[in-house]
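>
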Amino acid sequence: MHRQTLAQSEKVLGHEHPNALTSVHCLARLFAHRHRYHEALTLYDRASAGDQAVLGQDHPTTRACRQHHADALASQDRASHLSYCPSVDVTEVGRQMSQGAK
Numbered sequence: 105m106h107r108q109t110l111a112q113s114e115k116v117l118g119h120e121h122p123n124a125l126t127s128v129h130c131l132a133r134l135f136a137h138r139h140r141y142h143e144a145l146t147l148y149d150r151a152s153a154g155d156q157a158v159l160g161q162d163h164p165t166t167r168a169c170r171q172h173h174a175d176a177l178a179s180q181d182r183a184s185h186l187s188y189c190p191s192v193d194v195t196e197v198g199r200q201m202s203q204g205a206k
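FYI, my numbering numbers position 48 of the sequence shown as 152, with every residue one higher than the one before it.
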């Protein structure tokens, strides 16, 4: 459903419209929250590049997107390290990390 909303937003507004880029960023955050890091990082790349081109590299939205991108990379790295520890429940650790971030 979120992908459909994004596709519609980009169709109506264009790929480089700030509101469409916000939709890309929000979808990336959703995927990161669900530990779907590959999809999240791909979308963060799109949103970051678009924000920088449209808003500039020092705009608060661009900076926030870059920070969320970095956070997702760090979370992906932690999750991949934990996956090598058979005694660790990665899902539970991810849930605890999410709760700690709030």
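Idealized CB from N, CA, C, for every residue including glycine.
Starting from His154, trace the alpha helix (DSSP H) in both directions and tell me its first and last residue.
The residue labelled residue 154 in the question sits at position 50 within the sequence shown. It should be noted that the sequence gives Gly, not His, for residue 154. Run containing Gly154: 141–159, per the alpha helix (DSSP H) assignment.
> Mapping the DSSP letters down to three states, classify Glu114 as helix, strand or coil.
Taking the first residue of the sequence shown as position 1, residue 114 is located at position 10. Correct three-state label for Glu114: helix.
> Applying the 10 Å Cβ sphere with the 16-neighbour rule, what's the burial state of Thr109?
By one-based count along the sequence shown, residue 109 stands at place 5. When all chains shown are included, Thr109 counts as exposed.
> With three or more C-beta pairs closer than 8 Å as the rule, is the stretch 130–148 touching the stretch 112–119?
As far as the Cβ criterion goes, the stretch 112–119 does not touch the stretch 130–148, which means the pair count is below three.
> Let me know the secondary structure DSSP gives Arg138 once reduced to three states.
Counted from its first residue, the sequence shown places residue 138 at position 34. Reduced to three states, the DSSP call for Arg138 is coil.
> Tell me the DSSP secondary structure of Lys206 in three-state form.
In the sequence shown, the residue the question calls residue 206 occupies position 102. Model confidence at Lys206 stands at a pLDDT of 49, short of 50, so the residue's coordinates are unreliable; what they give is reported in the following sentence. Three-state result, Lys206: coil.
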